[in-house]
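Worksheet for the structure shown next.
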Amino acid sequence: MNLNKIKSILPDFQMSHFNMFDTIIFLKWETTLDNNSWEEHTNLILGMTSPDNYKIFIEFVDVNSWRFHGSGKISGFYIKDMTVRGYENNSKYEVGDYEENEIDFYCSDVIIKSFERQ
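Under full-length UniProt numbering, the residues of the sequence shown are numbered 1 to 118, in order.
Here is the structure:
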């Protein structure tokens with residue numbers, strides 16, 4: 001996961017800082033075809049905002065074990081790197097929210113599409 005788009009605005013940003021996002025404003029679920037392997041992958045694009053007026057769009061690649069329940073208001077958001085625990089390639093990251101259990105899934109890659117202050 002490349003955090004450069006975020007760090008260009010917030011230089012000290014770390015993965016643990018994703019908890020600043022508390023509202024889901026956009027959710028797009030799409031199936032894509034890998035041009036090399038011809039395998040289908042399910043990707044998720046999430047748009048979120050923070051109380052500090054930051055807005056982010058993130059693409060999660062090859063999503064599995066997807067669960068979403070709720071209105072889009074969450075108590076912080078996390079992305080955990082699971083490779084240190086020996087997880088498989090399609091489960092490199094665990095994604096979810098704190099406390100509410102509104103959203104939870106695994107994915108193989110995380111792409112920051114955009115990040116800005118509103």
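For each residue, glycine too, the CB sits at the ideal point set by N, CA and C.
In this text, all values refer to a predicted model and were calculated from it rather than measured experimentally.
Endpoints, beta strand (DSSP E) assigned at residue i
{"i": "I103", "result": "103-107"}
{"i": "I79", "result": "77-81"}
{"i": "I74", "result": "It is not in any beta strand (DSSP E) - I74 carries neither H nor E in the DSSP assignment."}
{"i": "S65", "result": "64-68"}
Beta-carbon proximity of residue i to residue j, cut-off 8 Å
{"i": "F26", "j": "N43", "result": "no"}
{"i": "M20", "j": "D52", "result": "yes"}
{"i": "M48", "j": "I79", "result": "no"}
{"i": "K5", "j": "I112", "result": "yes"}
{"i": "Y98", "j": "V110", "result": "no"}
{"i": "K9", "j": "F77", "result": "Here residue 9 is Ile; the residue named in the question, Lys, does not match the sequence. No."}
{"i": "T31", "j": "E40", "result": "yes"}
Given residue i as reference, the closest of the options once Cα atoms are compared
{"i": "Y106", "options": "F68, I74, K5", "result": "F68"}
{"i": "T83", "options": "N35, Y54, S108, S8", "result": "S108"}
{"i": "D22", "options": "Q118, Y54, S91, F115", "result": "Y54"}
{"i": "F57", "options": "W66, L46, V63", "result": "L46"}
Boundaries of the alpha helix (DSSP H) in which residue i is found, first to last residue
{"i": "I6", "result": "4-7"}
Simplified DSSP state of residue i, which is helix, strand or coil
{"i": "V84", "result": "helix"}
{"i": "S114", "result": "strand"}
Short CB-CB distance (under 8 Å) between residue i and chain C
{"i": "K92", "result": "Judged by its chain identifiers, the structure shown contains no chain C, having just a single protein chain."}
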